[in-house]
Amino acid sequence: MRAAYNGIELVPMNLSFPPSGARGGPVFNFRSKGRQFDNSNRCLIPASAFFEFTGKKYPKTKHRFTLNCAPFMAIAGIWREGHGNHPPAFTMLTTAPGADMEPYHDRQILVLRPEDWAAWIHLTKPEDELLRPLAAGGLVVQTVREGRA
842 MRAAYNGIEL VPMNLSFPPS GARGGPVFNF RSKGRQFDNS NRCLIPASAF FEFTGKKYPK
902 TKHRFTLNCA PFMAIAGIWR EGHGNHPPAF TMLTTAPGAD MEPYHDRQIL VLRPEDWAAW
962 IHLTKPEDEL LRPLAAGGLV VQTVREGRA
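Position one of the sequence shown corresponds to residue 842 (the working numbering), numbered consecutively onward.
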């Protein structure tokens with residue numbers, strides 16, 4: 842979802858920015874720390890959940906994260922216009938892990954509270970209020986597959 846005139850539109854986009862060089866890979870996640878996004882194309886990525894994997898051996902343990910007391914969530918992202926036959930593309934912003942994520946990973950995608958969705962699109966709140974992890978209990982974690990030790 843992105844800003845469109847006085848509203849918000851839902852637009853299909855590719856996940857990840859293309860590699861910036863011959864040796865780089867696609868950019869699925871983009872660190873928000875130390876950056877400002879007031880001149881960026883901001884977007885919301887709707888999702889019912891996201892997953893993190895732990896362990897060193899395959900298959901790894903798979904954990905499902907959902908927004909507490911909500912059927913879906915919105916992830917803060919930025920997008921770029923498409924070029925040639927490539928459609929527009931988006932990447933998800935990341936931040937330091939919150940209390941719910943810290944046992945599983947050293948950073949997390951930036952899940953916004955529903956009351957902050959429009960504030961991210963139109964940047965009507967300070968970025969440091971928006972670009973931080975949810976408070977403890979904001980995410981519900983469920984282990985959906987046990988991996989190997």
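Every residue, glycine too, gets a C-beta built ideally from N, C-alpha and C.
### Task
For SER873, collect the residues of the same chain with a Cβ closer than 7 Å to its Cβ; drop the 5 residues on either side in sequence, then sort them by chain order.
For the purposes of this step, residue 873 is taken as the residue at position 32 of the sequence shown. Closer than 7 Å at Cβ, skipping near neighbours: LEU934, THR935, THR936, LEU951 and LEU972.
### Query
Identify the residues that DSSP records as bridge partners of GLN949: which are they?
For this step, residue 949 is matched to residue 108 along the sequence shown. Bridge partners of GLN949: THR936.
### Query
With contact counted as at least three CB pairs below 8 Å, one residue from each stretch, are the segment 867-884 and the segment 901-910 in contact?
no
### Query
How would you call PHE891, buried or exposed, if buried means at least 16 neighbouring beta carbons within 10 angstroms?
Residue mapping note: residue 891 aligns to position 50 of the sequence shown, counting from 1. Buried, by the Cβ-count rule.
### Contact set for VAL985: own chain, Cβ-Cβ below 6 Å, skip 5 residues either direction
As a working mapping, residue 985 is identified with position 144 in the sequence shown. Excluding sequence neighbours, VAL985 sits near LYS903 and ARG905.
### Message
What does DSSP give as the partner residue(s) for LEU885 in the beta ladder?
### Response
Residue 885 sits at position 44 when you count from the first residue of the sequence shown. According to DSSP, LEU885 bridges with ALA917.
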